[in-house]
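Protein sequence lines correspond, in order, to chains A and B. According to this note's numbering, the residues represented by the first sequence are 136 to 520, in order. According to this note's numbering, the residues represented by the second sequence are 13 to 213, in order. By construction, the Cβ of each residue, glycine as well, lies at the ideal position given by its N, Cα and C atoms. Since the structure comes first, as structure tokens, the remarks are kept for the end.
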Amino acid sequence: MLAARESGLLTPVVTRDYAPQDLDERGMWDQCVNLEQQLETSNLRIRDPVLNEYLVGVMQRLLPNQADKIRVFAMWSADFNAAMFPNGMMIVNSGFLARARNEAQLAAVLGHESGHYLRRHSLQGWRNRRATSAVMAFVAVGAGAVSGATGSNWYDLANAINSGLLLSVFRYSRELEGEADSYGLQLMANAGYSPDAASKIWKQLIEERKASAAARKKKYRDGAAAALSTHPPTEERMGRLAADGMFIERAKQSGLTYDDGRERWLAATAALRPAFIDEQVKQNDPGASLYLIESLAVDGWDGTLRYYEGEAYRLRDEAGDADRAATSYAAAVEFPDAMPEAHRAHGYAQLKKGEVEAGRHALGRYLELRPDASDAAMVRFTLGQ
Amino acid sequence: MKTLKPWRALLVVTAVGALLSGCVPTYTLVKAEPVKVAKGQLTVQPSIAWNRVPRGPYDIVQEENWTQNGPLLDTIGFIAALPDGQAIAKQRPKDDRKVPVFRTSMTPQDLISMIESFYRIKAGANVFETQAVKPVQFLGVSGVEFDYSYVGADEIKRRGRSVLAISGGKLYLMMLDGASLHYFDAALPEFERLTASAKIS
Numbered sequence: 136m137l138a139a140r141e142s143g144l145l146t147p148v149v150t151r152d153y154a155p156q157d158l159d160e161r162g163m164w165d166q167c168v169n170l171e172q173q174l175e176t177s178n179l180r181i182r183d184p185v186l187n188e189y190l191v192g193v194m195q196r197l198l199p200n201q202a203d204k205i206r207v208f209a210m211w212s213a214d215f216n217a218a219m220f221p222n223g224m225m226i227v228n229s230g231f232l233a234r235a236r237n238e239a240q241l242a243a244v245l246g247h248e249s250g251h252y253l254r255r256h257s258l259q260g261w262r263n264r265r266a267t268s269a270v271m272a273f274v275a276v277g278a279g280a281v282s283g284a285t286g287s288n289w290y291d292l293a294n295a296i297n298s299g300l301l302l303s304v305f306r307y308s309r310e311l312e313g314e315a316d317s318y319g320l321q322l323m324a325n326a327g328y329s330p331d332a333a334s335k336i337w338k339q340l341i342e343e344r345k346a347s348a349a350a351r352k353k354k355y356r357d358g359a360a361a362a363l364s365t366h367p368p369t370e371e372r373m374g375r376l377a378a379d380g381m382f383i384e385r386a387k388q389s390g391l392t393y394d395d396g397r398e399r400w401l402a403a404t405a406a407l408r409p410a411f412i413d414e415q416v417k418q419n420d421p422g423a424s425l426y427l428i429e430s431l432a433v434d435g436w437d438g439t440l441r442y443y444e445g446e447a448y449r450l451r452d453e454a455g456d457a458d459r460a461a462t463s464y465a466a467a468v469e470f471p472d473a474m475p476e477a478h479r480a481h482g483y484a485q486l487k488k489g490e491v492e493a494g495r496h497a498l499g500r501y502l503e504l505r506p507d508a509s510d511a512a513m514v515r516f517t518l519g520q
Numbered sequence: 013m014k015t016l017k018p019w020r021a022l023l024v025v026t027a028v029g030a031l032l033s034g035c036v037p038t039y040t041l042v043k044a045e046p047v048k049v050a051k052g053q054l055t056v057q058p059s060i061a062w063n064r065v066p067r068g069p070y071d072i073v074q075e076e077n078w079t080q081n082g083p084l085l086d087t088i089g090f091i092a093a094l095p096d097g098q099a100i101a102k103q104r105p106k107d108d109r110k111v112p113v114f115r116t117s118m119t120p121q122d123l124i125s126m127i128e129s130f131y132r133i134k135a136g137a138n139v140f141e142t143q144a145v146k147p148v149q150f151l152g153v154s155g156v157e158f159d160y161s162y163v164g165a166d167e168i169k170r171r172g173r174s175v176l177a178i179s180g181g182k183l184y185l186m187m188l189d190g191a192s193l194h195y196f197d198a199a200l201p202e203f204e205r206l207t208a209s210a211k212i213s
């Protein structure tokens, strides 16, 4: 495999006109058809047309010849995860979209998942596990352990039906994950994305989990390194991806400039970005929330990030947090992109501090900006007191 | 099962446990007459009979839940006299995700985000939408009426209404939760009668 990686010659097993080869594989595809029908009508699907067209566009850039064989479903779920099914159905969680800073990081995950598809890993994985131990096939370690998942979701559902159906970014054999990582890097480099975006998104995730653990005075444990896990521990994977990324970067002809696609990413997610961050902050895992906001702010603070920084402090509610939140809200409303909700939060924070006039002014501003707000009656009542 | 609301998960857990131990926790009848709820802290007057959901390890002390058609379809919850510094859900200090604790200084905005966090963290809500936040009179003081809808991991769309008030420095909360197809609307008139009839005992 290493030789193939060095020569950049990982080739697809699943080609354009690919059809399931035998009974095992046909059975897996049939189960996927059922799952996909449920996904299409799911209440949790993110139906924003701008985002969905954009995802198709990024897939076309990564896989110019086969992009139409992969259907990407963006789903509301706070956990950082994405998954590939053998029939070309892919899930990308809002919890990942919230954390990606640019198109290259999105492409890193889409490329990794495409690698599973093109190399037909689900069938291999399923056969390997069936051969070794029927029990292992149903041991669920991975996404939940790494990202602190609370509820079950599509991943669990697919696993319950047949664990071989799905390959998520956190699961399965080291060899297959390593190959998918390499294939993803190869696709990225070919599409003109900087391959080191892949290691950066993993680094961000590790740092976030460490921040979350530290905030609760718990010891960070690389969930991916748990005893039952067969996939590369996240830190090990990050190091390997960084090395691979550098290798591919060096191997590319000099003079080629990489594109992180940040502007395209921001344009495509503009309408959803506050909701993505909102979903994370409302989980009230303050260490993770504040880390996430700071990692996004590496590219520059804006009104949305300052507002959610305030929200993270307000929900954390430790000594001094009311003042910290008030400071964040005050900064948020100074930005031209300040959300109306930032004015509301700013107003209530000032009222709490006893700054009645300033607080009333900010709440008034909220009603001006959003006269038909769902809580307009409540805010008017507060103003009338 | 983690996707179930705490009281729903509890039902399954206790039902299985009970089958194994031979001791079945039972629903009890709530008659259509004035009744004290939530450790006797609140008195309400139902106009129809309800089923009191058995208590379990996920409930906080100040909590009581009723259902008409089973907790997956409709639930009315009561939390009464919750003191400052306590949460509306049972949780451990080192939990990754925590519902903010109640504070007497909470603004309406703080109260509704406490409810939203409860749904997102404890009830597995993946999509949560605020529909309306209004001032109401509840227990003789000004309170907040909060309407919302959400989709949990079971993909069922549900609606909820929470009515909250702070009286004597303590939180009083009544909560209706039901499948948005039929059950929420069916239970709403009775819920409104219950909140209107509610008195601190």
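Query, Result
"Round the Cβ separation of A/Y443 and A/R459 to the nearest angstrom and send it over; I've been treating them as touching at under 8 Å.", "Between A/R459 and A/Y443 the Cβ distance is about 13 Å, and since that is not below 8 Å, they are no contact."
"State yes or no: is the beta carbon of A/D509 nearer than 9 Å to at least one beta carbon in chain B?", "Correcting the residue type first, residue 509 of chain A is Ser in the shown sequence and not Asp. Answer yes: the Cβ-Cβ gap between A/S509 and chain B drops below 9 Å somewhere."
"Could you pull the DSSP bridge partners for A/N228 from this structure?", "A/M210"
"With a CB to CB cut of under 8 Å and the five nearest residues on each side skipped, what residues in its chain are close to B/D86?", "T79, Q80, L188, D189, G190, A191, Y195, F196, A198, A199"
"What are the residues that DSSP puts in a beta bridge with B/D86?", "B/G190"
"Once DSSP output is grouped into helix, strand and coil, what is the label at A/G319?", "helix"
"Helix or strand or just coil, what does DSSP make of A/W337?", "helix"
"Using 9 Å as the limit for Cβ to Cβ distance, is B/S154 near chain A?", "yes"
"From the DSSP secondary-structure annotation, give me the bridge partner or partners of B/Q149.", "B/S154"
"At the level of alpha carbons, what is the spacing between A/I428 and A/A350?", "15 Å"
"Does any residue of chain A have a CB that is nearer than 9 Å to the CB of B/I124?", "yes"
"Only counting the same chain, and skipping five residues up and downstream in sequence, which positions put a Cβ closer than 8 Å to that of A/V433?", "R236"
"Within the continuous beta strand (DSSP E) that includes B/V65, where are the two ends?", "Note, B/V65: premise wrong, no beta strand (DSSP E); not H, not E."
"Quick check: the Cα distance between B/E128 and A/R161, rounded to an integer number of angstroms?", "43 Å"
"Residues of chain A with CB under 8 Å from B/G102, in chain order?", "Checking the displayed sequence, the identity of residue 102 of chain B turns out to be Lys instead of Gly. Neighbours of B/K102 on chain A: none; closest Cβ ~15 Å, over 8 Å."
"Tell me which same chain residues have a C-beta within less than 7 Å of the C-beta of A/A465, skipping the five on either side of it?", "H481"
"Closer than 9 Å, CB to CB, is A/S329 near chain B or not?", "no"
"Does any CB atom of chain A fall closer than 9 Å to the CB of B/V111?", "yes"
"I need the DSSP call for B/T79, collapsed to helix, strand or coil.", "strand"
"Under 7 Å between beta-carbons, which chain A residues line up against B/K129? List them in chain order, please.", "The sequence as given places Ser at residue 129 of chain B; Lys does not occur at that position. Result: K417, N419, L450."
"Looking at the structure shown, is A/V468 part of a helix, part of a strand, or coil, going by DSSP?", "coil"
"Going by alpha carbons, who is nearest to A/A476 out of A/R500, A/K338, A/L311?", "According to the sequence shown, residue 476 of chain A is Glu rather than Ala. Looking at the Cα atoms, A/R500 is the closest of the given residues."
"Ordered along the chain, which non-local residues of its own chain (more than five positions away) have a Cβ less than 7 Å from that of A/V185?", "A403, A406"
"State buried or exposed for B/R173, treating a residue as buried only when at least 16 other CB atoms are found within 10 Å of its CB.", "buried"
"Given A/A473, which residues of its chain have a CB within under 6 Å of its CB, disregarding the five upstream and five downstream residues?", "G438, A467"
"My understanding is that B/E141 touches B/V148, with C-beta atoms under 8 Å, so please give their C-beta distance in whole angstroms.", "Incorrect: roughly 20 Å between the Cβ atoms, too far for contact."
"Within 9 Å of any Cβ in chain B, is that where the Cβ of A/R479 sits?", "yes"
"Relative to the C-alpha of A/K352, which candidate in A/E238, A/V193, A/P421, A/L502 has its C-alpha closest?", "A/P421"
"When Cβ atoms are compared, which residues of the stretch 136-162 of chain B fall closer than 7 Å to chain A?", "G136, N138, V139, T142, Q143, A144, V145, K146, P147, V156"
"Just to check my reading of the structure: B/I88 and B/A50 have Cβ atoms closer than 8 Å, yes? What is that Cβ distance to the nearest angstrom?", "B/I88 to B/A50, Cβ: 11 Å. No contact."
"Using DSSP with H/G/I as helix, E/B as strand and the rest coil, what is B/R205?", "helix"
"Which residues in chain A have a C-beta closer than 9 Å to the C-beta of B/T167? List them in chain order.", "Per the sequence shown, residue 167 of chain B should be read as Glu rather than Thr. Under the 9 Å cutoff, chain A gives Q173, S177, N178, L179."
"In angstroms with no decimal places, state the Cα-to-Cα distance between A/N115 and A/A348.", "With chain A represented from 136 up to 520, any question about residue 115 of chain A goes unanswered, as that position is not in the structure."
"Would you call A/D452 buried or exposed, if buried means 16 or more other Cβ atoms sit within 10 Å of its Cβ?", "buried"
"Within 10 Å of its beta-carbon, does B/N77 have 16 or more other beta-carbons around it, so buried, or fewer, so exposed?", "buried"
"Do you know how far the Cα of A/M210 is from the Cα of B/D166?", "14 Å"
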